[in-house]
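In the UniProt record's numbering, the protein residues as written are 1 to 240.
Here you go:
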């Protein structure tokens, strides 16, 4: 099952928001962000909407992987914009998501992809290869044409999602354990267990956690720049 990224959309907007060129270095991006953050920060009377767009642009362009995707496919690819799939096969776009069962991830897979130019590509794993959850792989020269270079194609990225079962029976656990090497970790004795504090694992939304961390990092970059410049300067009115 695939989910295709939309065709190429606007890939200059974020650079324009930061006021930098498309070949700006990471240092240039950081300086531009700090300068604009002082101007638009809501705490200093700036426009909250402009500050939000500024932070979004910096978050994408300061991440090399996100920047590469943005440069090739535009804002819709970053924001995950959907689009209707074409008839007669999988969506032949540049970032595909393939959802496997655990058996295919462990024991191998193969599938046929219908490309935009009507070619059929056979995509398969190597013998003995194990696909890990959220793993990315790429096929060179099978993506969309590059910007201003229509005869050169980018990479076709495939994002593998592995759908493991929610639970296993004791017999299934034994069958799986028989496939793998024996556990090397020694069993803990009761006296050692008595000295340990038991903990509880809980589910989290890692994307939300990383989003909060990025927001915090953006705020710290703004605060650091403000400290370097001694805070906002007031203009004194001349006395007549």
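Where a beta carbon is used, it is the ideal one built from N, C-alpha and C, also for glycine.
- Secondary structure note for residue 135: its beta strand (DSSP E) is the uninterrupted segment 135-139.
- Within the DSSP secondary-structure output, residue 112 pairs in a beta bridge with 122.
- Annotation: the continuous beta strand (DSSP E) that includes residue 162 extends over 156-163.
- Considering only 142, 166, 164, the residue with the shortest C-alpha distance to residue 155 is 142.
- In the structure shown, residue 22 adopts coil according to DSSP, grouped into three states.
- Around the beta-carbon of residue 23, fewer than 16 other beta-carbon atoms lie within 10 Å, marking it exposed.
- The continuous alpha helix (DSSP H) containing residue 52 extends over residues 48-61.
- Sequence-distant Cβ neighbours of residue 153 in its own chain, meaning closer than 8 angstroms and more than five residues away, are 141, 142, 143, 144, 145, 146.
- Taking the Cα of residue 108 as reference, the smallest distance to any Cα among 119, 126, 180 is reached at 126.
- Nearest Cα to residue 60 within the set 47, 13, 181, 119: 13.
- A straight line joining the alpha-carbon of residue 32 with that of residue 38 spans about 10 angstroms.
- For residue 71, the enclosing alpha helix (DSSP H) covers residues 64-73.
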